[in-house]
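First to last, the protein sequences are chains S and G.
Taking full-length UniProt numbering, the leading residue of the first sequence gets 1, the next gets one more, and so forth.
Taking full-length UniProt numbering, the leading residue of the second sequence gets 1, the next gets one more, and so forth.
Worksheet: one structure, shown below.
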Amino acid sequence: CNRNDKQYVGFATLPNQVHRKSVKKGFDFTLMVAGESGLGKSTLVNSLFLTDLYKDRKLLNAEERINQTVEITKHTVDIEEKGVKLKLTIVDTPGFGDAVNNNECWKPITDYIDQQFEQYFRDESGLNRKNILDNRVHCCLYFIPPFGHGLRPVDVEFMKALHEKVNIVPLISKADCLTPNEVKKLKDRVRDEIEHFGIKVYQFPECDSDEEEEFKQMDKELKECTPFAVIGSNTVVEARGQRVRGRLYPWGIVEVENQSHCDFVKLRNMLIRSHMHDLKDVTCDVHYENYRAHCIQEMTSKLAQDNRTDSPLPILPLPTPDVETERLIKMKDEEVQNNHH
Amino acid sequence: FLKKKKTPCVGRDLFGYVGIEAVLDQMRRKTMKAGFEFNIMVVGQSGLGKSTLVNTLFKSKVSRKSCTPNYEEKISKTVHLQSVSHIIEEKGVKMKLTVIDTPGFGDQINNENCWEPIVKYVNEQYEKYLKEELNVNRKRRIPDTRVHCCVYFLPATGHWLRPIDVEFMRRLGKIVSIVPVIAKADTLTLEERLEFKQRIRQDLQANGIRVYPQKEYDEDAEDRILNDKIRENIPFAVVGTDKEHQVNGNKVLGRKTKWGIIEVENVAHCEFALLRDLLIRSHLQDLKDVTHNIHYETYRVKRLNESNANGLALSPLTLENGTLEKSDAESHL
Numbered sequence: 001c002n003r004n005d006k007q008y009v010g011f012a013t014l015p016n017q018v019h020r021k022s023v024k025k026g027f028d029f030t031l032m033v034a035g036e037s038g039l040g041k042s043t044l045v046n047s048l049f050l051t052d053l054y055k056d057r058k059l060l061n062a063e064e065r066i067n068q069t070v071e072i073t074k075h076t077v078d079i080e081e082k083g084v085k086l087k088l089t090i091v092d093t094p095g096f097g098d099a100v101n102n103n104e105c106w107k108p109i110t111d112y113i114d115q116q117f118e119q120y121f122r123d124e125s126g127l128n129r130k131n132i133l134d135n136r137v138h139c140c141l142y143f144i145p146p147f148g149h150g151l152r153p154v155d156v157e158f159m160k161a162l163h164e165k166v167n168i169v170p171l172i173s174k175a176d177c178l179t180p181n182e183v184k185k186l187k188d189r190v191r192d193e194i195e196h197f198g199i200k201v202y203q204f205p206e207c208d209s210d211e212e213e214e215f216k217q218m219d220k221e222l223k224e225c226t227p228f229a230v231i232g233s234n235t236v237v238e239a240r241g242q243r244v245r246g247r248l249y250p251w252g253i254v255e256v257e258n259q260s261h262c263d264f265v266k267l268r269n270m271l272i273r274s275h276m277h278d279l280k281d282v283t284c285d286v287h288y289e290n291y292r293a294h295c296i297q298e299m300t301s302k303l304a305q306d307n308r309t310d311s312p313l314p315i316l317p318l319p320t321p322d323v324e325t326e327r328l329i330k331m332k333d334e335e336v337q338n339n340h341h
Numbered sequence: 001f002l003k004k005k006k007t008p009c010v011g012r013d014l015f016g017y018v019g020i021e022a023v024l025d026q027m028r029r030k031t032m033k034a035g036f037e038f039n040i041m042v043v044g045q046s047g048l049g050k051s052t053l054v055n056t057l058f059k060s061k062v063s064r065k066s067c068t069p070n071y072e073e074k075i076s077k078t079v080h081l082q083s084v085s086h087i088i089e090e091k092g093v094k095m096k097l098t099v100i101d102t103p104g105f106g107d108q109i110n111n112e113n114c115w116e117p118i119v120k121y122v123n124e125q126y127e128k129y130l131k132e133e134l135n136v137n138r139k140r141r142i143p144d145t146r147v148h149c150c151v152y153f154l155p156a157t158g159h160w161l162r163p164i165d166v167e168f169m170r171r172l173g174k175i176v177s178i179v180p181v182i183a184k185a186d187t188l189t190l191e192e193r194l195e196f197k198q199r200i201r202q203d204l205q206a207n208g209i210r211v212y213p214q215k216e217y218d219e220d221a222e223d224r225i226l227n228d229k230i231r232e233n234i235p236f237a238v239v240g241t242d243k244e245h246q247v248n249g250n251k252v253l254g255r256k257t258k259w260g261i262i263e264v265e266n267v268a269h270c271e272f273a274l275l276r277d278l279l280i281r282s283h284l285q286d287l288k289d290v291t292h293n294i295h296y297e298t299y300r301v302k303r304l305n306e307s308n309a310n311g312l313a314l315s316p317l318t319l320e321n322g323t324l325e326k327s328d329a330e331s332h333l
C-alpha cells in the first residue's frame, strides 16, 4: 500500500492477481514432433525439456518397419520450476516418411490434429465446461534432414498439408554434420523454397515499438536465424573445464548449448521462454477458429443441400456419436457426395 | 492443480533449467497490452452516496453525483440503468471501468418489482456475450459488458434488512456477485455497527442470500482462509468523500464535522479501505472469474436447455449473420 502516492487506487496489482491465479492453475503445452526416424527428434525433446521420455523405447529394425504405418503416440510429463507447473504433452509420429511408398503419410497426422479440434469444439459447445481438456496441438517441430539440398517433395507436401492447422516450426536436424557455410547455404535454400512453395510456417509476432532494445535485438536475431539448425544430446561431456550437454567426437566436442555450435538455445528460448504463450494464442485464435468456422459452414451448407426433415438442425450441445453412429454418418456422407458427382 | 503429484522426471538429473516460468512474463506482457475491463454496478436509493463512493474508490470522477448544483434531479418514475465508461491508467496498467448506475431504485412509493429492470439488464449482458461466443466469425476478445460486481447500498438504520433489501439480494444473488455495504456509516457508533452487521449476516443466512465471496466458490484452503476473514466482516461500513482536510499535518480524505473529522481511509474510522482492498487490490480478478466461470456458465446452461426444450435451436447456425429467423429454425425441424 503506497500511502505516499495520493492518486494510487491499486488496480495496478491486477497483473499480480492474474499471475497468482495462473501459478495456481498451471499451464499446459502440446508439442508435436514430425520427421523421419533417426533425425534426432527424441533426443532433441529430451534436451529441450531436460526429460527422459524415451528411456524404454525399442528401436525397430528394417524388417519390422516394412509393415509399419504412421502411428501417433503421446507422452505426458509434469514439469515444475520455481513454483510454476507445466503439463507438457509430446505427440510423436513414428513411422512418418519411413516407408518405401510414403504417399499421404501425413494423413494420420492431419486427422489427429483435426480430431483434437473437433473434441474441443464439442466440449466447448457442451453443457459442462468446467474441466475442458485442451489437447490441441500448439506447435509442430518439423525435422528436415541435413543431408539433402533443401526441401524434398515429402517435406513440401507435409508442410502444405499442415500449415493451416498447426504452427509449423521447421528445423534442420543433426546439424553437426554441416560446416558453418553449409548450414548457411542450406538455411537460405530452405527459406527460399518455403516462400516459393507458399508454405506458411509460424511467424514470430512483430515487436512493439515500446519494447526494450534488448528484447527487440533478440527478436531480430531469432527471425534471421530460421530455420533453426539443431543438435541434441542425452549425454554430458567435459568441455572447456565444464560439464555440458554434448557429443564427443574424435575431432572435437559439440556443445548443444553453445550458440556458435548450433541454434538449440535459440529454439529453446523461442519455444519456451518467449513464444510459448503466443504459440498457444495463435492455435486458439487462428487455427482453431478456422476449423470451427469451416465446420459450422459445412454443417450449414449440408443442411441447405439436403433439405430433409429427418436431419435435425444440430442443437447444442453436440452429441458425442458412438462408433456405430459415426460409421453411419460416414456412410451417409459418402452417399451424398456420390450423388453429387 | 488438484490432482496427485507425479514424481518429477528422472532425466532431469541431467542438470539445467528449462525456464518455464518465463511463460508468466509472456502472459503478463499480453494482458498488459490488451488492458483490463471491469464493470461495477451500484444499487441503492437516492442519496446513499453511491456516486461519491465510486469516485472515492477509483480516485476519479467516474460517476456523476446527483448532489451537484446544476443537476436537474427529479426522482425518476421508473428504474432506468445508466452506464458510463472511463479508461483509467495506473503504473502502465490500463483499465476500462464501466459504472452502471440504477437511479430510481427503491425511490418510489410502491417499489414492487423495482429489481426487474436490473435483472433484465444483467441477463441481457450475458445474452450478448453468449451470442458473440456462438457466432461463426467471433471476435478474438469478446467485449465484456457483463456485470462483474454489484455493490448494494444498505442505509445505516441499525436494525435489520428491509424487505426491499431481501427481495433484491435474493433475486440478484443468484445471477451476479453482490457486495453489500452499509452506506453513510458515520451515523453508527462502533458498537451499533457491530450489532447491525451481525443482524444483517443473520438475516442474509436466514433468507438464503449468497453474497460475495460465496463459500461454494472457494478454490482451495488458502482461498477459504482468506475469504472466511472477509465473510466475518461483511457488510463493510463505508463513508465516501472527495474532499480533503488537514489532519496532523497530512492531507486526508475526510468529512469535516463540528465534532471531528471522519477520515475515510482510516480503518479505525470506517471500512472504506477494506472495501477498496477487496474490490480492487485483491479480488478484482476473482470477481471477473466468478462472473465468467460461474454466473455466465449458469446462464448459458439455462439458455441451452431452454432452447433444446422448445425445439428452438440455439446454435452457431441460427446466429450466423443473424439471417436465420426464429420461424425458419422451427420450420427446419
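Just so you know, even glycine gets a beta-carbon here, dropped at the ideal spot from N, CA and C.
Treat the numbers as computed from the prediction; the structure is a model and nothing was measured.
Cross-chain neighbours of residue i in chain S, by beta carbon under 9 Å
i, result
"Gln26 (chain G)", "Arg273, Ser274, His275, Met276, His277 and Asp278"
"Lys30 (chain G)", "His277, Asp278 and Asp281"
"Asn137 (chain G)", "Glu289 and Ala293"
7 Å Cβ cut-off: residues of chain G touching residue i
i, result
"Phe11 (chain S)", "Glu90, Val93, Met95, Ile280 and Leu284"
"Asp285 (chain S)", "Arg140"
"Phe49 (chain S)", "Val18"
"Ser22 (chain S)", "Leu24 and Met27"
"Leu86 (chain S)", "Ile20"
Cross-chain neighbours of residue i in chain S, by beta carbon under 7 Å
i, result
"Tyr126 (chain G)", "Within 7 Å Cβ-Cβ: nothing; Tyr126 (chain G) doesn't reach chain S, min ~14 Å."
"Val301 (chain G)", "Leu127"
Residue i at chain G interface by Cβ criterion, 7 Å
i, result
"Lys82 (chain S)", "yes"
"Ile296 (chain S)", "yes"
"Phe27 (chain S)", "yes"
"Ala175 (chain S)", "no"
"Ala239 (chain S)", "no"
"Ala293 (chain S)", "yes"
"Leu222 (chain S)", "no"
"Leu141 (chain S)", "no"
"Leu14 (chain S)", "yes"
"Gln203 (chain S)", "no"
Chain S contact for residue i (CB, 7 Å cutoff)
i, result
"Glu271 (chain G)", "no"
"Phe36 (chain G)", "yes"
"Val238 (chain G)", "no"
"Ile20 (chain G)", "yes"
"Phe58 (chain G)", "yes"
Beta-carbon proximity list for residue i, same chain, < 8 Å, skipping 5 on both sides
i, result
"residue 334 (chain G)", "Residue 334 (chain G) is absent from the structure shown; chain G starts at 1 and stops at 333."
"Glu112 (chain G)", "none"
"Arg191 (chain S)", "Thr226 and Pro227"
"Lys74 (chain S)", "Thr89, Ile90, Val91 and Asp92"
Within chain G, partners of residue i - CB distance below 9 Å
i, result
"Gln17 (chain S)", "Arg281, Ser282, His283, Leu284, Gln285 and Asp286"
Cβ-based neighbour list, residue i, same chain, cut-off 6 Å, excluding 5 preceding and 5 following
i, result
"Met159 (chain S)", "Ile168 and Ile199"
"Arg12 (chain G)", "Any reading at Arg12 (chain G) is ruled out, since the residue's pLDDT is 39, under 50, leaving its predicted position unreliable."
"Pro117 (chain G)", "Val79"
"Glu216 (chain G)", "none"
Cβ neighbours of residue i in the same chain (closer than 7 Å, five flanking residues each side left out)
i, result
"Gln116 (chain S)", "Asn135, Arg136 and Val137"
"Glu271 (chain G)", "Phe236, Ala237 and Val238"
"Val265 (chain S)", "Glu257 and Gln259"
Within chain G, the residues that residue i reaches when beta carbons sit closer than 8 Å
i, result
"Lys216 (chain S)", "Under the 8 Å cutoff, chain G gives no residues; its nearest Cβ is about 13 Å from Lys216 (chain S)."
Contact set between residue i and chain S, taken where Cβ atoms lie within less than 8 Å
i, result
"Arg276 (chain G)", "Val9 and Gly10"
"Glu297 (chain G)", "Arg129 and Lys130"
4-residue-minimum alpha helix (DSSP H) runs that sit fully inside the stretch 19 to 105 of chain G, ordered along the chain:
Entirely contained in the stretch 19 to 105 of chain G, the alpha helix (DSSP H) runs reaching 4 residues are, in chain order, 22 to 34 and 50 to 58.
Quick check: the stretch 142 to 158 of chain S against the stretch 72 to 92 of chain S, are at least 3 beta-carbon pairs closer than 8 Å?
These segments do not touch.
Quick check: the stretch 160 to 179 of chain S against the stretch 28 to 43 of chain S, are at least 3 beta-carbon pairs closer than 8 Å?
Taking a cut-off of 8 Å for Cβ pairs, the stretch 28 to 43 of chain S and the stretch 160 to 179 of chain S touch, as three or more such pairs fall below it.
Using a Cβ distance threshold of 8 Å, determine whether the stretch 146 to 156 of chain G contacts the stretch 171 to 188 of chain G, with at least three qualifying pairs required.
Contact between the stretch 146 to 156 of chain G and the stretch 171 to 188 of chain G is present, because at least three Cβ pairs lie under 8 Å.
Any chance the stretch 199 to 206 of chain G sits against the stretch 274 to 289 of chain G, with 3 or more Cβ pairs inside 8 Å?
Three or more beta-carbon pairs separated by less than 8 Å are not found between the stretch 199 to 206 of chain G and the stretch 274 to 289 of chain G, which leaves the two stretches without contact.
Could you tell me which whole beta strand (DSSP E) segments of length 3 or greater appear in the stretch 7 to 52 of chain S?
Complete beta strand (DSSP E) runs here, min 3: 27 to 34.
Quick check on the DSSP output: what are the complete alpha helix (DSSP H) runs of length 4 or more inside the stretch 151 to 235 of chain S, in order along the chain?
As far as the stretch 151 to 235 of chain S is concerned, its whole alpha helix (DSSP H) runs of at least 4 residues are 153 to 162, 180 to 196 and 213 to 225.
Could you tell me whether the stretch 125 to 140 of chain G touches the stretch 281 to 293 of chain S, where touching means 3 or more Cβ pairs closer than 8 Å?
Yes, the stretch 125 to 140 of chain G is in contact with the stretch 281 to 293 of chain S.
At what residue ranges does the stretch 94 to 144 of chain S contain a whole run of the alpha helix (DSSP H), taking only runs of 4 or more?
Positions of the alpha helix (DSSP H) runs, each at least 4 residues long and wholly inside the stretch 94 to 144 of chain S, are given as 107 to 125 in order along the chain.
Touch test, the stretch 24 to 43 of chain G against the stretch 11 to 27 of chain S, Cβ-Cβ under 8 Å, three pairs minimum:
For the pair of segments examined, the stretch 24 to 43 of chain G was found to touch the stretch 11 to 27 of chain S: the number of CB pairs separated by less than 8 Å reaches three.
Threshold first: 4 residues or longer. Then list the alpha helix (DSSP H) segments lying entirely within the stretch 257 to 317 of chain G, N to C.
Listed in chain order, they are 272 to 276, 284 to 290 and 296 to 309.
Is the stretch 169 to 176 of chain G touching the stretch 118 to 128 of chain G in the sense that three or more CB pairs, one from each, lie closer than 8 Å?
A contact exists between the stretch 118 to 128 of chain G and the stretch 169 to 176 of chain G.
Does the contact criterion of 3 or more C-beta pairs under 8 Å hold for the stretch 29 to 48 of chain G versus the stretch 93 to 107 of chain G?
Pairwise C-beta distances place the stretch 29 to 48 of chain G in contact with the stretch 93 to 107 of chain G, as three or more of them are shorter than 8 Å.
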